[in-house]
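Engineer:
Numbering (our numbering), first residue to last: 70 to 159.
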């Protein structure tokens, strides 16, 4: 389950890394005529593989900590139920 979340996050990051922008300029020539110039610029984010790997590693660490807390809570609940079961049987 954890792997799917990480893969989805990476996919979103990769999909949002580039963007195309189109500008149109009208230029007035010295002889009085005008010409239209279209400029297309592709913007990419400055994310490199080291940054992405660092983000993934941080996410993994946080998920592991959260998983450990959930496991601990489940163990506590299990122990509480055993204790209550023993108390009611007596």
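Quick reminder that beta carbons are idealized off the backbone N, C-alpha and C, glycines included. All of these numbers come straight from a predicted model, not from anything done at the bench.
Where DSSP assigns a beta bridge to residue 111, which residues make up the other side?
Structural biologist: For residue 111, which the question treats as bridged, DSSP gives the partners 89.
Engineer: For residue 110, which residues from the same chain have a beta carbon less than 6 Å from its beta carbon, with the 5 sequence-adjacent residues on both sides left out?
Structural biologist: Correct list, in chain order: 90.
Engineer: Just verifying my parser: in three-state terms, what is the DSSP assignment at residue 102?
Structural biologist: Here residue 102 sits in coil by DSSP.
Engineer: Per the DSSP calculation, residue 94 is bridged to which residue(s)?
Structural biologist: Answer is 106.
Engineer: How long is the line joining the alpha carbons of residue 103 and residue 125, rounded to whole angstroms?
Structural biologist: Cα to Cα, the separation comes out at about 52 Å.
Engineer: Please work out which residues of its chain come closer than 8 Å, Cβ to Cβ, to residue 105, disregarding the five sequence neighbours upstream and downstream, and give them in chain order.
Structural biologist: These residues qualify, in order along the chain: 93, 94, 95 and 96.
Engineer: In angstroms with no decimal places, state the Cα-to-Cα distance between residue 128 and residue 141.
Structural biologist: Rounded to whole angstroms, residue 128 to residue 141 spans 20 Å at the Cα level.
Engineer: By DSSP, does residue 140 sit in helix, in strand, or in coil?
Structural biologist: Helix.
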